[in-house]
Structures are given as C-alpha cells and as structure tokens.
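Each remark here refers to the structure printed beneath this line.
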Amino acid sequence: METLGDRLKSLRKEKGYTLEQVADKLNTTKVTISRYEKNLREPKKETISQLAKLFNVSADYLLGHTDTRVILTPNDKIDIKKSLEEIKLELSSDSTALFDGEPMCQEAIDSLLAAMEIGLSLVKQKQKRDNNM
Numbered sequence: 005m006e007t008l009g010d011r012l013k014s015l016r017k018e019k020g021y022t023l024e025q026v027a028d029k030l031n032t033t034k035v036t037i038s039r040y041e042k043n044l045r046e047p048k049k050e051t052i053s054q055l056a057k058l059f060n061v062s063a064d065y066l067l068g069h070t071d072t073r074v075i076l077t078p079n080d081k082i083d084i085k086k087s088l089e090e091i092k093l094e095l096s097s098d099s100t101a102l103f104d105g106e107p108m109c110q111e112a113i114d115s116l117l118a119a120m121e122i123g124l125s126l127v128k129q130k131q132k133r134d135n136n137m
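At position 18 of the sequence shown (counting the first as 1) the number is 22 in the numbering used here, and the numbers step up by one without a gap.
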C-alpha cells in the first residue's frame with residue numbers, strides 16, 4: 005500500500021516540481037517536504053489540504069484512503085446531473101425505449117440511469133485527470 009510520502013513524491017515528480025518549488029508554494033522548507041516524502045514527518049491537516057489543492061487530488065487520495073485521485077467539483081456534479089436529466093427526459097418521451105427488443109419498465113430505466121451516473125462520473129474524472137497532466 006502506498007503511503008502519503010509515496011503519493012506525494014509521485015505527484016511532485018508528475019508535475020515536474022522540485023522539493024524547493026513545493027516548499028515555496030506551501031511556505032515551508034524543502035527539508036520539511038523531504039521528510040513528508042520519506043514518511044519521517046506527518047503533515048498537519050491544513051498542510052494536507054494545501055497539498056491536495058496544489059496537486060488537484062483529494063486529501064483522501066493523499067492519505068491512501070482511496071485510489072481516486074481527481075475530485076469532482078460541485079459544478080462537475082451539476083453537469084453530470086444535467087446530462088442525466090436530458091437522458092431521462094429522452095427516455096421518458098420515447099415510449100418505445102427497448103432492451104433486447106422488449107419495452108423497458110421504469111425500474112429498468114432507473115437502473116440504467118444509475119449506471120450512467122457512475123459512468124459519467126468516471127468519464128468526468130478521467131477528463132480532468134488528462135487535462136491536468
């Protein structure tokens with residue numbers, strides 16, 4: 005399992021930052037950042053939040069609680085909700101929504117929309133990750 009130090013060092017290298025650059029952005033020293041990366045020192049909650057913001061990842065990702073790096077903003081969630089509403093409206097207005105040649109019941113449509121929400125969230129996260137690299 006990756007530690008905070010492993011993830012921090014990996015993110016820093018991905019962005020092409022030196023220890024000094026990260027330290028400057030957080031108003032600390034390169035020795036402090038190096039100690040975080042070597043797991044010799046645990047950053048305070050405020051510092052974890054600053055690091056997460058700097059690298060555009062969640063604090064949970066830095067701490068190893070999740071492998072999902074990208075955070076969806078409230079606007080991202082609104083975009084996904086709008087897309088789902090458009091799809092739902094399309095499915096509702098077309099009484100001939102079929103699956104395997106059979107009309108879909110409301111429960112099937114709801115299941116499809118739930119799966120689409122997950123898919124749209126994953127796509128949005130991938131787009132954000134690709135745009136940040």
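Heads up, the beta-carbon is just placed ideally off N, CA and C, and yes, glycines get one too.
Given that a residue counts as buried once 16 or more other Cβ atoms are within 10 Å of its Cβ, and exposed if not, what is K13? Translated into the one-based positions of the sequence shown, residue 13 becomes position 9. Buried.
Uninterrupted alpha helix (DSSP H) stretches inside the segment 57-111 (no shorter than 4 residues): 63-66, 78-97
Can you tell me the Cα-Cα spacing of I91 and A63, whole angstroms? Locating residue 91 in the sequence shown gives position 87, where the first residue counts as 1. Locating residue 63 in the sequence shown gives position 59, where the first residue counts as 1. So the alpha carbons of these two residues sit roughly 33 Å apart.
Leaving aside the five residues before and after K19 along the sequence, list all residues of the same chain whose C-beta is less than 8 Å from its C-beta, in chain order. Here residue 19 refers to the residue found at position 15 of the sequence shown. Correct list, in chain order: F59.
Specify whether the segment 106-114 and the segment 40-55 touch according to this definition: at least 3 beta carbon pairs, one from each stretch, less than 8 Å apart. no
Check E6 in the structure and name its three-state DSSP category. Counted from its first residue, the sequence shown places residue 6 at position 2. Here E6 sits in coil by DSSP.
Does the beta-carbon distance from K128 to I84 come in below 8 Å? Start at 1 with the first residue of the sequence shown, and residue 128 comes out as number 124. Start at 1 with the first residue of the sequence shown, and residue 84 comes out as number 80. Yes. Within cutoff.
Nearest to K86 (by Cα), restricted to the options T72, S125, L55: The residue given as residue 86 occupies position 82 in the sequence shown. When each option's Cα is compared against that of K86, the closest is S125.
Where does I4 land, buried or exposed, given buried means 16+ other C-beta within 10 angstroms? Outside the modelled stretch of the chain, which goes from 5 to 137, sits residue 4, for which no answer is possible.
Looking only at its own chain, which residues have a Cβ that is under 6 Å from the Cβ of L95, when we skip the five neighbours before and after it? Working through the sequence shown from its first residue, we reach residue 95 at position 91. Within the same chain, L95 has close Cβ partners A101, I113.
Just the C-alpha distance for E46 and Y40, rounded to the nearest angstrom, thanks. On the sequence shown, residue 46 is found 42 positions in, with the first residue counted as 1. On the sequence shown, residue 40 is found 36 positions in, with the first residue counted as 1. Approximately 6 Å, taken between the alpha carbons.
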